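Undergrad: Chains as they are written, first to last, in my numbering: chain A, 7 to 304; chain B, 7 to 304; chain C, 7 to 304; chain D, 7 to 304.
4 protein chains.
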Amino acid sequence: MKIGFLGLGRMGSGMAQRLLDSQTDLIVYNRNPAASKPLVAKGARAVARPGAMADRELVFTMLADDQALRDVVLAPEALLESLPEGAVHVSCSTISVALAGELAERHAAAGQHFVSLPVFGRPDAAAAGKLFLVAGGAEEIVERLRPVFLRVGQDLWWVSPRPELANLVKLSGNFLIASTIESMGEAMALVEKGGVDRHAYLDFLTRSLFTAPVHRNYGKLIADRAIRPAGFAAPLGQKDLRLVGEAAEKLAVPMPFFGSLRERFLALAARGESDVDWAALGVEAARSAGLQSTDRDN
Amino acid sequence: MKIGFLGLGRMGSGMAQRLLDSQTDLIVYNRNPAASKPLVAKGARAVARPGAMADRELVFTMLADDQALRDVVLAPEALLESLPEGAVHVSCSTISVALAGELAERHAAAGQHFVSLPVFGRPDAAAAGKLFLVAGGAEEIVERLRPVFLRVGQDLWWVSPRPELANLVKLSGNFLIASTIESMGEAMALVEKGGVDRHAYLDFLTRSLFTAPVHRNYGKLIADRAIRPAGFAAPLGQKDLRLVGEAAEKLAVPMPFFGSLRERFLALAARGESDVDWAALGVEAARSAGLQSTDRDN
Amino acid sequence: MKIGFLGLGRMGSGMAQRLLDSQTDLIVYNRNPAASKPLVAKGARAVARPGAMADRELVFTMLADDQALRDVVLAPEALLESLPEGAVHVSCSTISVALAGELAERHAAAGQHFVSLPVFGRPDAAAAGKLFLVAGGAEEIVERLRPVFLRVGQDLWWVSPRPELANLVKLSGNFLIASTIESMGEAMALVEKGGVDRHAYLDFLTRSLFTAPVHRNYGKLIADRAIRPAGFAAPLGQKDLRLVGEAAEKLAVPMPFFGSLRERFLALAARGESDVDWAALGVEAARSAGLQSTDRDN
Amino acid sequence: MKIGFLGLGRMGSGMAQRLLDSQTDLIVYNRNPAASKPLVAKGARAVARPGAMADRELVFTMLADDQALRDVVLAPEALLESLPEGAVHVSCSTISVALAGELAERHAAAGQHFVSLPVFGRPDAAAAGKLFLVAGGAEEIVERLRPVFLRVGQDLWWVSPRPELANLVKLSGNFLIASTIESMGEAMALVEKGGVDRHAYLDFLTRSLFTAPVHRNYGKLIADRAIRPAGFAAPLGQKDLRLVGEAAEKLAVPMPFFGSLRERFLALAARGESDVDWAALGVEAARSAGLQSTDRDN
C-alpha cells in the first residue's frame, strides 16, 4: 500500500515506524528533515515537500496544531492540491473541531476522503502500537482501513460519519485528563497540608477507587513533582483546553471546570513555565497552598 | 470479643452483619429499633440506649453526620460516659475533621481509645466485606484490630496516629468522586450536544484511559440519567463537600474545583431535588446545556 | 473638514449626527443603505462602497465586530486601499486587541494614521455627545482631533501611542460592567430568596456605597427583569468577553471571574436567549436560585 | 436616655462617641477596659461585666464575630440575663443570619426587643456619624429609635420585621464590595500587563462609569498596593464571606463569584498574610499575573 506520513514529532515518528513493513511503500515528510533519518534507514523514502504525495492512496498527518496542519494541507501546492482523487487523508493531530469540519469539506470538494483519527496515549504507547484511536469519517473507509489503523492502536472506536466529532471526543478526553490532574492536585495538597504523606495517599487511591491509568500516571507525576522534562508540555495542554473552550462556546455548553483549568494554565504561563509537563497543573494547588516541597526537584 | 455497633443504616447494617459470627458477642443500637431485627434474628442483642455499652471492648459507630454522632457519643449517659477504660471506639462515619479531633481528645481524657475508620464503598460493598478502609489512631491498636476490620473491608490503610487524618483522607476521596462526576458530566454534555451518542462515548472512555470503578459506576449513572432512587443522596454529598470546604479553609488550601461543585449542589437544592443520587451533579451539565433528554426517566 | 463615517448602527448613527454641522463635509456608508437617510436629509452624502473615501482626511468606523471591520477596511478596494496618505482612520468599534494592532501596522505601511477610539456609553449617550472616549495612537494626532472627538464624547482619555491599548481598556471596562451585573444579580437573588424586596434593596444600595451609573442602570434592569428589548444584546457582550479572554490568554493574566461570566453567557445561549440585554446575566442568579418571578415580564 | 454600649473597637468607639451627649446616660463595656478611657473622660461610665446593664433601656453591641457576640449576650449573667423586660438590644455587629435569628427568639422569650442594625462604612465614617444603617426588627421600635440611630448614621433603611434580614443585607453588601475589589484587581492586572498605567486607568474609570465610593476607595488601595495597615483586615472579610456562603447554602442560592472570592482569601491565608486589608484581594490578580511591582511597598 502506498502510504504517506507527514509530521515526525515524538508521536508521529513512533506511529510511522509501526506502519513500516515489507508490504508498505512509505513516504515521509517532516519540516525538519533530520527526523526522517531513522525511518529512511528502515526503508522509508523522505520527501522535501508536503505536496510530494501525488501517488499516495493513504496519507497520515500528525502535527502540533491547527496552523501546522493548515500549512501542510491547505497551502498552495501542499497536500490537498497534490493528493489524487479517491485518496484518503487521515488526520491524527489534536486540532479544532472547526478545522476538521473545514478539511472534510475541502477534501470532499477535491474528490478525496478525509478521516479524523485522533489518538489517546503518550509517545511510548505510539511506538508500541498501543494507542486508543477515535475515528470520524465514512464508515466503510474507516472499516476498510481498520487493519492499518490497528498497527498503531490497540483499540479503535468509530464515532460518526462526521470526522470532526472524533476531534470533539479527543478534546473532551483531554479535558477529562486535565480535570483529573487538577482534582488530584487539589486533594493531594489538602491531605498533605493536613499532615498525610502524599505518596502513601496516592498509593491508597490507586488501589481502591481510582485505579485508572489516568490516575496512576498523572498521580505519580504530581506526587513526584516530576514536571520536567515534559512528556506532554503545558502549552500544548493549554492549546487543547482552548479548543475545548471554543467547541463549548460554539455548542453553547456551560462547563464550569473549564474556567478553573484555564486559570491554572495562565498561572503557569504567567511564571513563564512553558517547559513543564501539563501534570504541573496538579502541582499548582500545592504551590498556592504554600507547601514548601513544591519547588523541589523541578 | 464483646463488640457494640451503633447506627444501622444501609451501610451500618451490612457492616454489622459481617461482624456477627460465633466468636462475637454483638450488641447493636439504632435510634429506630426496627433496623435491629435482622441482626437480632442472627444472634445479636439490641439495646435501647447508646449508653448501654458498659461491658464492650470495641464499639463501632456509623452515623449520618456530625450531629448524629455527637448525639450518641457525647450526650449525657451516651457512649463516652458508658464505655469502660481501655475500650476502643471505632468511628466509621463521614464526619468533620474537627469533630474527629475533638472525639480523640475526649476519649483520651476518659482513658479510652479512639480510632477513625472511614470507609469507601456503597452499601453492597459493605454487605460483601469489600469496603476500602482508612484508619487513623494509635498504630498498635489499629494493627491489633486489623483482623476484625478486614471482616468488613478488603483493604486497610493506616494513615497516622492522628485519627482525624483518616477523616481528612475520606473527605478528600469524596471530593475526588464529586470531581469525577462533574467532569464526566461536562464532557458527556459537550460531546452529546455535538452529536455523539453518550453511551457509546462512555463505553470508549471506560475501556481506554478512564477504567476506574469511579468512572464506570458514576459514568453509567450519568449516561443512564439513573439518579433515582439514590444510592448516595445528593444532600449527603453536599454535606461532605461542606466538610471538605471547612477543612480546606482551616488548612488554608485553595481548591478551585470546590466552588464549582458547591454551585452544582446548590442548583440541585434550589430545585428541591433532595432525593436524587449525587450522580445528578453530572446530569446538571446536560441540563444547563439544554439537552432535551435530561429529564427523561428521572 | 472632510469626514467619512462607516457603520450606521444605533451607536454610529448617533455619533455621525453629532459630527454633522455647517463646517463638516460628511460622507457616510452603511451596508444597508436605509440607515443613511436621516443623515442625508441633514446634509450628509451617502456612498455605496466603503472604498469611496479617496478624498477624506478623517474616517470613523463603528462596526459590530472584528469581521465587519475587516470587511470594510481590509477587503480589496475597501477603506485601506482608498484612503489617501496622511489621512486618519479612527476606529470606534469594540474589537480585539489583535486586530487593532494589525490595523495600526497596515495603515502605517500605507502612510496613513490609525487611532483606536473605543467608547463607553449606550446609544442615548452617543446621540447626546455624552460618551466616554478612550484614545490610543499618536498623541499629536489625538490632540489635534480632540475638538472633533469631543463632539461625540464628554471626556477623552489618551492612553498610549499604541492604539490597541485603548481597545484593551475598553474590553476591560466591559469586563467590569459584566462583573457588576453578575455580582448584583447574585446579591439580589440572595436577599430576595431570604425575604427582602429587591427594589427596596437596590434603592438602598444605590444611595449608599454603590452609587455609580453602572450600579443604577444595570441594577434597575436586573430588578425590573427588563431584559427585552436589548439595549446591548447578550451575544455582543459574549463576544466582548471572548475578546477579554483572548487578551488575558495572550498576556498570561489569570482572571477568575472570567470563567463564571463565560458560564452565564453560555447558559443564556443554551436556552436560545439571543435577543436579551446582557443585563440578563444578572437575572440568571435568580433563575438558578429558583425564584419564581424570574420569568415574569421578560 | 439610659444607653449601654458593648464593644469598643475601632467602629464601636466612634459610634459610642456619637451617642454621648448631655441627654444621654451612657454605660460602656469592653473586654479590654483601656478602650473605655476616652469615653469615660467625656462622661460615660465604664463597667467591668457585660451583665451590668440591669437599668438600661437601650443597649448597642458592636463585636468582631458570632463568638464574641455570644460571649457578651448569651453567656451566664451576661446581657440577655441582665437586660430588663422591654429593653432593646441593638446589634450592629456583622454576624451570621442564623445567630441574628437565634437572638431575636431568645430576646423575645425574655420579654426584650431585638433589632439588627448592621452598618456600612469604615471607622472614619463611624466617628463622623456618616454610616449607612440597615435595620431589621419591629418597625415601631426602629422608628421610635430612628433619631438615636441617626446620630451614628447618615441614612437608615428599615428592611423587615425579621431582624436577621438586615444581617443578610449587610452580608450581601460585603459580598458586593469583595466582588468589586476582585473585578477591579483583575481588570487592572490585565491592562497593566498590557502596558497601561494603572493609576491613570483608575482615574479614567472613576470619572466615567465607575464613580461609586466603592470604586474610588478600593480602586485607590489596589492601585497604590496600600494593603498595610489594614483598614478592614482580610481575615474579617474572609469571615464575612464565609457567612455569605452559609446563608447562600441555607437558602439554596448558587453564587458563582463566591467560589472565586473564597480562593483568593485562602491564597492570602496560605501565605500567612493575615494583617493586610481586604483590598489585598485585588492585588492578588497582579501577583498571579507575575507583575513585578506587586510586592512593592507592602
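Glycine included, every Cβ here is placed at the ideal spot set by N, Cα and C. Every value quoted in this text rests on a predicted model; they were computed, and no experiment measured them.
Would you kindly work out how many angstroms separate the C-alpha atoms of R213 (chain B) and G296 (chain D), rounded to a whole number?
TA: C-alpha separation (whole angstroms): 41 Å.
Undergrad: Looking at the structure shown, is D130 (chain A) part of a helix, part of a strand, or coil, going by DSSP?
TA: Helix.
Undergrad: For G57 (chain B), which residues from the same chain have a beta carbon less than 8 Å from its beta carbon, with the 5 sequence-adjacent residues on both sides left out?
TA: Contacts found: E83, A84, L85, E87, S88.
Undergrad: Would D303 (chain A) be called buried (16 or more neighbouring beta carbons within 10 Å of its own) or exposed?
TA: Residue placement at D303 (chain A) cannot be trusted, given a pLDDT of 43 that sits under 50; what the coordinates show is reported in the next sentence. Result: exposed.
Undergrad: Using a Cβ cut-off of 7 Å, pull out every chain A residue sitting near G13 (chain B), in sequence order please.
TA: Under the 7 Å cutoff, chain A gives no residues; its nearest Cβ is about 23 Å from G13 (chain B).
Undergrad: Would the C-beta of G127 (chain D) count as close to the ligand MN, meaning under 6 Å from any of its heavy atoms?
TA: Absence of the ligand MN is noted for the structure shown, with no ligands found whatsoever.
Undergrad: Please state the DSSP three-state secondary structure of V78 (chain B).
TA: Of the three classes helix, strand and coil, the one that applies to V78 (chain B) here is helix, per DSSP.
Undergrad: Write down the C-beta distance between A240 (chain B) and A258 (chain D) rounded to the nearest angstrom, noting that I regard them as a contact closer than 8 Å.
TA: Between A258 (chain D) and A240 (chain B) the Cβ distance is about 12 Å, and since that is not below 8 Å, they are no contact.
Undergrad: Based on the DSSP secondary-structure assignment, which residues constitute the bridge partners of L139 (chain A)?
TA: Paired residues: A:V125, A:L162.
Undergrad: Can you tell which of A:V34, A:G13, A:A104, A:Y35 has the C-alpha that lies nearest to the C-alpha of D250 (chain A)?
TA: The question names Asp, but residue 250 (chain A) in the sequence shown is Val. For the residues A:V34, A:G13, A:A104, A:Y35, the minimum Cα distance to V250 (chain A) belongs to A:A104.
Undergrad: Assess contact between the stretch 261-269 of chain C and the stretch 160-177 of chain C, defined as three or more Cβ pairs (one per stretch) separated by less than 8 Å. Is contact present?
TA: Counting Cβ pairs under 8 Å, fewer than three are found: no touch.
Undergrad: Short of 6 Å in beta carbon distance, which residues of its chain neighbour A106 (chain A), apart from the five on each side in sequence? Order them along the chain.
TA: So the qualifying residues of the chain are S122, P169, E170, N173.
Undergrad: Is the number of C-beta pairs between the stretch 153-161 of chain B and the stretch 180-196 of chain B that are closer than 8 Å three or more?
TA: Segments in contact, no.
Undergrad: Have a look at A:P44, A:G278, A:A273 and flag the residue whose alpha-carbon is nearest the alpha-carbon of S294 (chain D).
TA: Considering only alpha carbons, the answer is A:A273.
Undergrad: Who are the neighbours of K199 (chain B) on chain A, taking C-beta pairs under 7 Å?
TA: Residues of chain A passing the Cβ test: L257, V259.
Undergrad: Applying the 10 Å Cβ sphere with the 16-neighbour rule, what's the burial state of E1 (chain C)?
TA: Missing from the structure shown is residue 1 (chain C); chain C here goes from 7 to 304 and no further.
Undergrad: Closer than 7 Å, CB to CB, is R277 (chain D) near chain A or not?
TA: With 7 Å as the cut-off, R277 (chain D) counts as an interface residue toward chain A.
Undergrad: Could you spell out the range, first to last residue, of the beta strand (DSSP E) harbouring S97 (chain A)?
TA: S97 (chain A) -> beta strand (DSSP E) spans 94-97.
Undergrad: If the cut-off is 8 Å on Cβ atoms, which residues from the stretch 278-292 of chain A count as contacting chain B, listed in chain order?
TA: Answer in chain order: A291.
Undergrad: When DSSP labels each residue in this structure, what does T67 (chain D) get in the three-state scheme?
TA: Of the three classes helix, strand and coil, the one that applies to T67 (chain D) here is strand, per DSSP.
Undergrad: Taking the CB atoms as reference points, tell me whether I33 (chain C) and V46 (chain C) lie closer together than 7 Å.
TA: Contact: no.
Undergrad: Rounded to whole angstroms, how far is the Cβ of D31 (chain C) from the Cβ of K48 (chain C), which I believe are closer than 8 Å?
TA: So it is not a contact: roughly 13 Å between Cβ atoms.
Undergrad: List the residues of chain C whose Cβ lies closer than 9 Å to the Cβ of A254 (chain B), in chain order.
TA: Ordered by position in chain C, no residue passes the 9 Å Cβ test against A254 (chain B), which lies about 16 Å from the chain.
Undergrad: Between F216 (chain B) and chain A, is there a C-beta pair that is closer than 7 Å?
TA: It does; some Cβ of chain A falls within 7 Å.
Undergrad: Looking at chain A, is there any beta carbon in it that lies within less than 7 Å of the beta carbon of L174 (chain C)?
TA: No, L174 (chain C) does not count as interfacial toward chain A.
Undergrad: Can you tell me whether S280 (chain A) is buried or exposed? The criterion is at least 16 other CB atoms within 10 Å of its CB, across all chains shown.
TA: Label assigned to S280 (chain A): exposed.
Undergrad: So is K199 (chain A) buried or exposed if we call it buried at 16+ other beta carbons inside 10 Å?
TA: When all chains shown are included, K199 (chain A) counts as buried.
Undergrad: Taking Cβ positions, are V165 (chain D) and V202 (chain D) nearer each other than 7 Å?
TA: No, Cβ-Cβ distance for V165 (chain D) and V202 (chain D) is not below 7 Å.
Undergrad: Which residues bound the alpha helix (DSSP H) around L32 (chain B)?
TA: Taken as a continuous stretch (DSSP letters only), L32 (chain B) belongs to no alpha helix (DSSP H), being part of the beta strand (DSSP E) at 31-35.
Undergrad: For N38 (chain A), does the count of other Cβ atoms within 10 angstroms reach 16, so buried, or fall short, so exposed?
TA: Exposed.
Undergrad: Provide the residue(s) that pair with G10 (chain A) in DSSP beta bridges, ordered along the chain.
TA: Paired residues: A:I33, A:V65.
Undergrad: Return the residues of the stretch 98-117 of chain C that lie within a Cβ-Cβ distance of less than 7 Å from chain B, sorted by chain order.
TA: Cβ contacts with chain B: none found.
Undergrad: Taking Cβ-Cβ distances shorter than 8 Å, what residues in chain C pair up with S166 (chain D)?
TA: Within chain C, the residues near S166 (chain D) are G201, V202.
Undergrad: What residues from chain C crowd round G159 (chain B), counting only those whose CB sits closer than 8 Å?
TA: Within 8 Å Cβ-Cβ: nothing; G159 (chain B) doesn't reach chain C, min ~39 Å.
Undergrad: Rounded to whole angstroms, what's the CA-CA distance from A218 (chain C) to G225 (chain C)? Just pull it up for me.
TA: In a straight line, the C-alpha of A218 (chain C) is about 10 Å away from that of G225 (chain C).
Undergrad: Rounded to a whole number of angstroms, what is the C-alpha to C-alpha distance between L69 (chain C) and G13 (chain C)?
TA: Distance between the alpha carbons of L69 (chain C) and G13 (chain C): 5 Å.
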